[in-house]
Structure formats: C-alpha cells, structure tokens
Amino acid sequence: MDKDLAVLPSFKFYSRLDNGNKNLLYGHDDFFKFFIRPRLDILEHMSNIKENLLNAFIYIANMKPGDDQYNERWNYLFYWMGDKVYENVKEISDFSLNIDIINSLRKRMHNNNEEYNDYFFKIKKSEFIKLKKLYDYSQNYDAIKIKINSPDYECSREYNNYIVENHNLYNAIKAECLSDTTPYCKLYTNITKDTLEKKKSILNCHGVKDTVSSEERGPQRGSDLTGETTPTNSGNPTAIILPVLGVFVIFSLFYKVKHTLFYSAWNMDTCSFSKKKNKPRGRRCRNP
Numbered sequence: 065m066d067k068d069l070a071v072l073p074s075f076k077f078y079s080r081l082d083n084g085n086k087n088l089l090y091g092h093d094d095f096f097k098f099f100i101r102p103r104l105d106i107l108e109h110m111s112n113i114k115e116n117l118l119n120a121f122i123y124i125a126n127m128k129p130g131d132d133q134y135n136e137r138w139n140y141l142f143y144w145m146g147d148k149v150y151e152n153v154k155e156i157s158d159f160s161l162n163i164d165i166i167n168s169l170r171k172r173m174h175n176n177n178e179e180y181n182d183y184f185f186k187i188k189k190s191e192f193i194k195l196k197k198l199y200d201y202s203q204n205y206d207a208i209k210i211k212i213n214s215p216d217y218e219c220s221r222e223y224n225n226y227i228v229e230n231h232n233l234y235n236a237i238k239a240e241c242l243s244d245t246t247p248y249c250k251l252y253t254n255i256t257k258d259t260l261e262k263k264k265s266i267l268n269c270h271g272v273k274d275t276v277s278s279e280e281r282g283p284q285r286g287s288d289l290t291g292e293t294t295p296t297n298s299g300n301p302t303a304i305i306l307p308v309l310g311v312f313v314i315f316s317l318f319y320k321v322k323h324t325l326f327y328s329a330w331n332m333d334t335c336s337f338s339k340k341k342n343k344p345r346g347r348r349c350r351n352p
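First residue of the sequence shown: 65, per the numbering used here; consecutive thereafter.
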C-alpha cells in the first residue's frame, strides 16, 4: 500500500485491530471468559481467526473516551470483522450468525444496551464490499483534503486512484439509493449523513507523480515501464570488463607493431646514410 494511504485514519485503525490486545484492562473478565470465548469457539468457519477476533474485541473493550477514533470504534469493528467473516462465508444468514457476536459485545460495554441497527446484519457480500470502501473513504476524507491542499504536494498514482475511485463509488451508490429503503441503502445513509453529504468540495490532486510505486509496478522491471529494452548483460560486471580489456590488448599490440616498424625503418635509413658517408657511427646497425 502507498505510504500516504497507509497513514489514513481507517487503515491505521484496522492495523490496530489486526494487532489487537491480549490483556483486558477494565474488567469484563467473566464476560469474555464465559460468553465471548465460548461463542468464538462455536462460530462456523471462524476457527482459523478466532484469536485475532478475540484480541480485537479486547482492544475495543480497553478503549476509553478521548482515545483516537473512540466515537467510531463500533463502526470500525463492524467493517473490520465483516471483512473477515465474508472471506469465509457467502450467505447473508451465515454473515449475520457470525457477526452478531459484536452486537453482544457492544451492549455489554454500554449501560444503556446500545446496539447496532438490524440492517447492519442484512447486507450481501457484494454490497458489504462497496459500503466498506465508502465508509473508509468517509473517514479518510478530511485527512486527504488536508494533505492534497498543501501547495507542493504531489499525489502518487495509487493515492490519486484511491480518491477518484471512491468519489465515483459514492456517486454510484447515491444514485442507486435515491428512493430505496433496502438495508444496503439504509447503511449507505448511515455512512454518509454526517460525513460525505456535508462535504461539498470534490477532492482533486493538484499534481500526480509520473513515477509508479513498487506496489503498482509489481514484478516488472523499471525499464519495462518506458518501453526500453534492457541489455541482457547490463547487470554482469564481466560483460563490461571484458570488452574494455579487449580494446586495451588490441591497442597494445597495435602500438608494439607500429613501434617496431618505425624503428626498423629508422635503423635502415641510418645505416644506409652512414655507409654512404663512410663514417663510423656510434651505434651499430642491427635488425630490430
């Protein structure tokens, strides 16, 4: 994930739920021991993640007023767990059966028996996926706006795509739910009534980086992105050294041959001149 996306509120909080907490701080030990743990043990299809769920529940139970995202903690828990549940089940009935445990947890944490609206548990998988994306975007909107309003900030391609795709998703669901009262549209209204419906400005990146992040690029090499062909031996030091060494050897041989020919010609001329003048020379005439 892009580093600027990873620090947005929703992704940060989901990361905390992934890590969870193993120690209850403010009581509720019996509730977790005699209700939560046994319920997790009998949840269908959840045995592989029951410890992750338990630790996330403890993290939520340990939160107190003033903590980051305290007021949104139950919504975050719903979308976080819903994502886990729908990875393992397909039908709404199975979804409702498995996720209802967080309703019991919520009522226990509040003196007034506060709980989720029933339409939360009647969402199809395809609907849930879209609504979770929309919820995350609604929580990330303000942080994104602050980021992109910086005059020298350039969005990565992934960051820009996140903004564009979720704005389009918002408009699409809004059009679907103009006069609809299905659980899907009720949950859409729950998400947007205090967030996106009050955000009139459309988020736009003023500049987008040309470079592609490693996450987007995947296994491709950088040269593939520009259409250039990388030489096969470009990463091999021997392929670079040998041609250079070859040039040096050829140059040395050429220099030696040229020097020998020049010396031979000079020696012959000198000897010939000496004989003509019939004068002894200080050096002997010899073949090179």
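Heads up, the beta-carbon is just placed ideally off N, CA and C, and yes, glycines get one too.
Worksheet item: Secondary structure at Val272, three-state DSSP: helix, strand or coil?
Response: Here residue 272 refers to the residue found at position 208 of the sequence shown. Strand at Val272.
Practice prompt. Sort out for me which residues DSSP pairs Cys241 with in a bridge.
Written response: Along the sequence shown, one-based indexing puts residue 241 at 177. Note: Cys241 sits in no beta bridge, so no partner.
Worksheet entry | Ile106 burial status per 10 Å Cβ neighbour count (16 or more: buried) | The residue given as residue 106 occupies position 42 in the sequence shown. Per the 10 Å Cβ criterion, exposed.
Worksheet item: Looking at Lys273 and Ser220, is the spacing between their C-beta atoms short of 8 Å?
Response: To locate residue 220, count along the sequence shown from 1; it is residue 156. To locate residue 273, count along the sequence shown from 1; it is residue 209. Against a cut-off of 8 Å, the Cβ pair of Lys273 and Ser220 comes out as a contact.
Discussion item. For Ala256, count the other beta carbons within 10 Å of its own beta carbon; 16 or more makes it buried, fewer makes it exposed. Which is it?
Written reply: As a working note, residue 256 is residue 192 in the sequence shown. This sequence places Thr at residue 256; Ala is not what is there. Buried: at least 16 other Cβ atoms inside 10 Å.
Worksheet entry | Stretch-stretch touch, CB-based, cutoff 8 Å, three pairs: the stretch 166-173 with the stretch 233-240 | no
Worksheet item: Going by beta carbon distance, what residues of the same chain come within less than 6 Å of His270, once the five residues before and after it are set aside?
Response: The count along the sequence shown starts at 1 and reaches residue 270 at position 206. Taken in chain order, the list of residues that qualify is empty.
Fill in: Three or more C-beta pairs below 8 Å linking the stretch 65-84 and the stretch 123-143
yes
Worksheet item: Is it true that the stretch 183-199 meets the stretch 247-263, where meeting means three or more beta-carbon pairs spaced less than 8 Å apart?
Response: yes
Worksheet item: Are there 16 or more other CB atoms within 10 angstroms of the CB of Phe98, so buried, or fewer, so exposed?
Response: Mapped onto the sequence shown, residue 98 falls at position 34. Flag for Phe98 reads exposed.
Practice prompt. Note the first and the last residue of the continuous alpha helix (DSSP H) segment covering Leu260.
Written response: Along the sequence shown, one-based indexing puts residue 260 at 196. Run containing Leu260: none; DSSP gives neither H nor E here.
Practice prompt. Mark Glu191 as exposed unless 16 or more other C-beta atoms lie within 10 angstroms of its C-beta, in which case mark it buried.
Written response: The sequence position of residue 191 within the sequence shown is 127, counting from 1. Buried: at least 16 other Cβ atoms inside 10 Å.
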